[in-house]
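Numbering follows this note's numbering, with no gaps: position 95 of the sequence shown is 1313. Even glycine gets a Cβ: it sits at the ideal position worked out from N, Cα and C. Model, not experiment: these values are computed from the prediction.
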Amino acid sequence: MELHSISFVQAMSDGSFLVTTELTDSDELRDTVEYVSRESDAYGLAPVIWAAVQQWISDGKTVEPYNPVPTLTEFQSAIQAHVDASAVSKLYNDGNALAGYVNSTVPQWAAEAQAFVTWRDVVWVYAYAELGKVQNGQRQVPAVEAFIGELPALVWPE
1219 MELHSISFVQ AMSDGSFLVT TELTDSDELR DTVEYVSRES DAYGLAPVIW AAVQQWISDG
1279 KTVEPYNPVP TLTEFQSAIQ AHVDASAVSK LYNDGNALAG YVNSTVPQWA AEAQAFVTWR
1339 DVVWVYAYAE LGKVQNGQRQ VPAVEAFIGE LPALVWPE
């Protein structure tokens, strides 16, 4: 077995690593193979890979943090939390409660609800358009927090 390259990312919060190797096996087949390893655990690793893991650690090379790609559900939940937090900032229970005041007889509440509903719709139209670009390969997957920062700002009425 010949090891051509090796890289690491932190796989989980328990300190394990995702080890990605490019190697040629005993049948002369070259392939990229991933393993999960811990600093003190060689179980299931070929000696050449375990030696490379130990060398990487002793050389003090950095292990990049594992950042899984966020799912659509994670984006949707974060966007909804942002929308609801905007309503809560005006002392409404959540976005649905605030939207319910759109026909209120109290002018201030009706104005806040109308501004909120208009903004909420713009937020979701933007979010689905941008996430569609991600799904179509027209845009890199952003971090959820960064994506929330891209959303249009809510301007409350006076």
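Excluding its 5 nearest sequence neighbours in each direction, Q1332 has C-beta neighbours in its own chain below 7 Å: V1320, listed in chain order.
Sixteen is the threshold: since fewer than 16 other Cβ atoms of the shown chains lie within 10 Å of the Cβ of S1244, the residue is exposed. Taking C-alpha positions only, P1375 is separated from N1314 by approximately 18 Å. For S1244, the secondary structure class from DSSP, reduced to helix, strand or coil, is coil. Between the stretch 1341-1349 and the stretch 1363-1371, the count of C-beta pairs closer than 8 Å reaches three or more; the two stretches touch.
A distance below 9 Å separates the beta carbons of F1334 and L1372. According to the DSSP assignment, D1339 belongs to the alpha helix (DSSP H) that extends over 1325-1353. The Cβ-Cβ distance between V1254 and V1237 falls below 9 Å.
Per DSSP, N1321 lies in no alpha helix (DSSP H) and is assigned neither H nor E. Spanning the alpha carbons of E1246 and W1337 requires a straight line of approximately 60 Å. Sixteen is the threshold: since fewer than 16 other Cβ atoms of the shown chains lie within 10 Å of the Cβ of E1292, the residue is exposed. Distance check between K1308 and each of I1297, Q1353, A1328, Q1294 places A1328 closest, using alpha-carbon atoms only.
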